[in-house]
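Throughout, our numbering is defined as the position within the sequence shown, counted from one, plus 5. Even for Gly, the Cβ is constructed at its ideal location relative to N, Cα and C.
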Amino acid sequence: MLAKRQDPKGTESERIIFTAADESQTKTILFPDIRLVDGPTILAGRLQMKINGKWRSVCSNSKNWTIADMETACRQMGFQGGTFFQWFNRQMPLKSRILYEEPRCSGTETSLEQCGWSNYQMGSGVCDYHPDIGIACQARHDNPKPYWRGIRFENAHNENTLQNTLFTPVSSSSLRYVNIYYGGVGRDHNTSSALHVEGVPPIMENLEVVSSAYNGLNITNPGSPIWINNCTIRNNRGYGVFINSSYGLTHLDGCVINGNGGDGIRYIRAEERPEESVDRRGYSDFCKVAVISSQVFPIYVYAEQSVQSSMENNCQKVFTTRYGQVLTLDFIRAVTDRNDSASLAIYDGSALNHRLIQIIWIRNNTRPQSITTTGNQIYMIFQAEPYTDTQVFLRLISGLSKIYDLNVSRSDISENVGRGIAVDNLKSQVHIHRTSISKNEHVAGIHVTNGVGDVNVTQSRVSFNEGDGINITYTGGSRNISRSSISSNQGYGVAVWLNNSKETEFLFVNQTTVIQYSEIYKNLEVGVLHGNHCGPALFNFTGNSFTNSLNDALEILSCCSPTETLTTLQVGHNKFIGNEKISLKLYPAVNMQANIEFNHFRQGTFGGLLIKNQPLQEFNVLKSDITVQQNYFLNNSGVFVANMALSPYAEEQYLLFTRNFVKNNRIVEPFQPLDGSVSNLNPRSRVAAPVVIGSSNVEVYRNIIENPDSQYEIGSHLEDQSKIINATYNWLGSSSDQMIYHRIFHRYDRYNLAKVSFVPFLIHNSHPLTTKINPNQLYIPKFSTSGSDKVGGEIEGEETLSKGEYTVERDITIRPGGKLTIEPGVTLRFPPSIGMMVGGRLEARGIEPDSIQFTLKENIVHPPENDTYETEALIVESDTEVVQLEPKSPIRLLGRLQVKVNGQWGTVCNYGWTIQNAALVCQQLDYVLNPHDWYIERNEIPDAGKSESVILSNVACQDYDLDITKCQAETVGDFVNSCDHDNDVGIRCYKTSWAGVRFGALAERSDLQYVSIQQSGLLDYATNTFKPALQLDFARQNFESIKIVNNFFHGLGVMYSNIYTDDSEAWFIKNDDETHYDPLQIPDRPDEAEIEIQRGETKYLVTSKTTGDSVERSYRIVCEPGWVIGIQLLNPIENRSSESIVIHDSLSYNQNSDVWVLKRDLTVFPGTSSAPGIILDYASGFNALGRAVVVLSTIRAPVQNIYNRRVKGPVPTLTVRNGVIRNNQFG
């Protein structure tokens, strides 16, 4: 039916029905298990097929299908034709796809499954990086259907009606209480919407469009507002509602749109091109238009500059509407032949002294967001340079509030094969209010893509969608999700992705996200994932309830590029309850000013708060200012409650954790044996504690921290022993400093960790601002206790171990100035990952072989060969080999991996298998992974274990996963013909071992004789770090008759060999509490007096951080005649540092002497001077980062016994006498 003017009006009891003439034939709308998505219509797009209940994209390894193949696919969908459309990039995150290279259809089949279907493969890896295939079908049905065409309005009669101050075209036609059944088939089987409208749409109230063979309702180029009230649009083969409008103001109220074969609602904000019209009909010249106080809207204007004009164009206008209303400015089109040659300034008022909303610089095809005033006036200034061809087309419209593109209220959008609500090319605003969006099957329930504008979702329910609940992917604007329920979606609950392209046609007024007073729970992926934005923005998450999240509850990404303005983040008054992973995650946390306050974190089973920067050098120059205050962390379990680590060497990053209550949490180490035995995986850099701190720019101040069911209260994750973490003025579960000391895990326990300073501490257990404090530490831990065989900790004085066997409970750390004497007959047994660090002096003089032994203390007996080893989730088959590398060498586990998922044992496909996955497997088996020896070739895997099926593939474990069976992975229904037992994962794991002995870079000369070191190598299981059994950072020690055997890694490791001196005193980084080390700080030290190095003396030159004006120094460094200066560069100048050091090999400036530039001549060092002195020139530049270390020492001048040639100092050598180094990975 073609309608110019229709006015069918039924009643609630007597509806008007339009249906097919032949009602005797069965009319069933079939939705095949094949579809086209991400295209302009349901007839063109990415090909997907539904297998095992899930839609999966189809790739062909970039091979072209034949016409018969594509026609068969279209025939299966019920349409004619079939041609190639385009390639589609694979969807991210990666999902299981179908590889169907050559269907080999003959052209008579009714579905692709009748072609060469047995050759297809399915899984995430089957297509690799190849794109998905896209095809296009003809707009014709494949078979005759007993349907009719439907109702079609083509530019039907309408009249302009003044409503308030707004002239709007209103149709003379209406559809009230009308039912349209079985439309969608036109002449020659053409596809047609059951209700097709071009031009001003009719008034639609209580309309039903059901079971059409194509789209239910199609409105194109309406040129007016659209109102659809109380509609039912369901079971249509295509889109429920398709709207392509350049006008906006589309409102659907009280509608039920469900069970359609495409998107429920698809709205496209169309583009106009008024510059192509010669007469610019309907537009007035901005600079000449008359303005009156009783203006009628909308007003269409254009501002232009001619390429032939020699004058700058500058004109201003004030537009006024009725009091109580606001004005919305739409940008229709902007074209120019020279970008940024014109601008439009918009003020929220009538003059320059009112608030400037925005200055828009005109670029070709600029698309700013629609701008709305707060009052009834708007002031605009257009400026354009001469000799430019610029045209800007604008629309100004008046209303009670901001003009929207799409408004959906009090509706039900559910069970559509496509998206629920899809909005493309947003310009102004989309508002979803009191609407249920559920069980839609593509991308998201609400999907906003491309453009700029505001997105409001209020008092709505978004649940059970196969993709995300809400997915907003565009350039920016304001987003508000309030008082809504977002639950049980198969993707993210809410995902916000912001386009950060530096040059884009889309311009937003502000960048704001507010998610408040909403319930977000049980979404398969992250509850709320907010993408990064570089620049000024406000992200506010307030008053929400995040409960029972299956993944992280709230994750906020930050900008990783240098930016002048920080993003403002506010997270407050939320409840995080019963979440299975991390409740609040900032990873990384840079370029932000954040305030996290008054939140409740309760009953979480993994971690509450994670604020952490990855250890990337580029993060050190970025800024952050974060405050975490007045939060409540109660009754959680897992491996941490609050984990905070900024970039450790960033000077403009700071986090304050204050006035928080961290109580009654049960935090334990992961991978604990189920039988209650002691684990072999001892923590080092990743200890489990309620509060863990990974950088010294994090301060923990005035908190109530009391967790009696946890082993520690605070743990250090900062691997830098020179740093001190401030954790003062906290209640730490006790008023006794002795009790507190052993509730903190830091440098006292592991030598490579930063020290945690906790004194003064609170002695009031519930008032973080109390004045009741203990300012003094009276307890000093003992290295050893009389009558006990337990030793460990820091040695700052002198300690002696007499004959006997000792168990080392924590790292033995000999601090600068400290000394440990080990007498003959001593055996030290180190648990796994525990070791010894010598920064002072170690004397261990045995009297016969094996007189002094350093070895492993084993906690449990590992399973012998040919035994099955099982945990809840993992099994290594009974004939797994426990291979000895050679006699008495360390054992390693080698076998086919099996896991237990849903009560079924099976193997794992190696597609996507990573070292991170393998490390997790080893840790769950109470073993460790050696990063240098973990990969197993296919022929090394034992044959056993093939009787079970492959049940996992594409396993992708993340940083904080603790169970291989709970990592993201594909299960049995997600892969077909892509993995067999030839692709099974094999694991190679190492037995745990202790951490070995390490002599620090500046340890004093030590003497070791008849010492045996064995079964060491593992430093840190969490980071898969191994170390030599005996490591010399700067070799100056004296070893005799040392035996280094049967270790799990290298035997002897020498980082630097000191060829010029025998002695040293302390660490490079000077702490306030160190008295044994006084380096020469450059440029802090003046250069007036020369620096003299005495015979046998060593001096350390350490550069300091300097910014601003360049500082220059020239140092003359001398020694006694007959001696020369040895120069060693232990820490070079950082690449980003502006400082420079130039060394002249002479006592005075001499053109004939050698000149060494440290940044350039790294290979020169170590070296010696030719004379008893050198000149060192230093210049800081504008940004000297410091920390370069130069070691200067004296050595005897060599005999000049070669004619006409200068003889330099000694050549570096390493001498090992009477040593035994065997059965290690490398000697």
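The beta carbon of Asn-770 is closer than 6 Å to those of Trp-736 in its chain, skipping five residues each way along the sequence. Going by DSSP, Asn-922 is part of no beta strand (DSSP E) but of the alpha helix (DSSP H) stretching over 920 to 929.
Rounded to the nearest whole angstrom, the CA to CA distance from Asn-640 to Glu-724 is 29 Å. If you compare the alpha carbons of Asp-968, Lys-617, Ala-144, Ser-1151 with that of Met-597, the shortest gap goes to Lys-617.
For Gln-126, the enclosing beta strand (DSSP E) covers residues 126 to 128. With contacts defined by Cβ atoms closer than 8 Å, Ser-684 and Ile-698 do not form a contacting pair. Take Lys-728, set aside five residues on each side of it, and the residues of its chain with a beta-carbon closer than 6 Å to its own are Ser-701, Ala-759, in chain order. DSSP, read as helix, strand or coil, puts Phe-611 in coil.
With respect to Glu-803, Thr-818 sits apart: the two C-beta atoms are not nearer than 8 Å.
If you ignore the 5 residues before and after Pro-1177, its C-beta comes within less than 8 Å of the C-beta of Val-1123, Cys-1124, Glu-1125, Pro-1126, Gly-1127, Trp-1128, Val-1129, Ile-1130, Leu-1152, Ala-1202, all in its own chain and listed in chain order. Tyr-125 counts as buried, since no fewer than 16 other beta carbons sit within 10 angstroms of its beta carbon.
By the C-beta density criterion, His-447 is buried, having at least 16 other C-beta atoms within 10 angstroms. Distance from Ile-270 to Gly-245 at the Cβ level is roughly 6 Å; contact confirmed, criterion being Cβ atoms closer than 8 Å. In the DSSP assignment, Ala-849 forms a beta bridge with Ile-827, Leu-1013. Rounded to whole angstroms, Leu-767 and Lys-971 show a C-alpha spacing of 41 Å. In terms of Cβ geometry, His-751 and Val-764 do not form a close pair [threshold 8 Å]. Shown here, Asn-69 sits in coil according to DSSP, grouped into three states, outside any helix or strand. Taken in chain order, the unbroken stretches of beta strand (DSSP E) that lie wholly in the region 368 to 437 and span 3 residues or more are 382 to 389, 395 to 404, 411 to 414, 417 to 419, 426 to 431. Exclusion of the five residues before and after Leu-591 leaves Ile-561, Ile-616 as the residues of its chain whose Cβ lies within less than 6 Å of its Cβ. Distance from the CA of Cys-984 to the CA of Ser-958, rounded to the nearest whole angstrom, comes to 8 Å. Annotation: the continuous beta strand (DSSP E) that includes Asp-137 extends over 137 to 141.
Secondary structure of Thr-463 (DSSP, three-state): strand. Between Ile-304 and Leu-401, the gap from beta carbon to beta carbon is short of 8 Å. When the Cα atoms are used, Glu-848 and Glu-1009 turn out to be separated by approximately 11 Å. Boundaries for Ile-946: no beta strand (DSSP E) harbours it, and the DSSP string shows neither H nor E there. Judged by DSSP secondary structure, Gln-622 falls outside any alpha helix (DSSP H); it is assigned neither H nor E. Contact between the region 1019 to 1035 and the region 672 to 691 is present, with at least three C-beta pairs closer than 8 Å. In the DSSP assignment, Ile-749 is bridged to Ile-719. Taking C-beta atoms as the reference points, Pro-829 and Gly-851 count as a pair closer than 8 Å. Nearest to Ser-492 by alpha-carbon distance, out of Asn-545, Ser-550, Pro-541, is Ser-550.
In this model, Val-960 and Phe-398 are separated by some 53 Å (Cα to Cα). Gln-81 carries a helical assignment under DSSP once its states are collapsed to helix, strand and coil. In this structure, the CA atom of Glu-390 is about 20 Å from the CA atom of Arg-372.
Contact check for Glu-280 against Gln-388 fails: the beta carbons are separated by 8 Å or more. Around the beta carbon of Pro-98, a 10 Å sphere encloses fewer than 16 other beta carbons of the protein chains shown; the residue is thus reported as exposed.
Closest in C-alpha terms to Leu-1037, from the list Thr-826, Met-1060, Gly-612, comes Met-1060.
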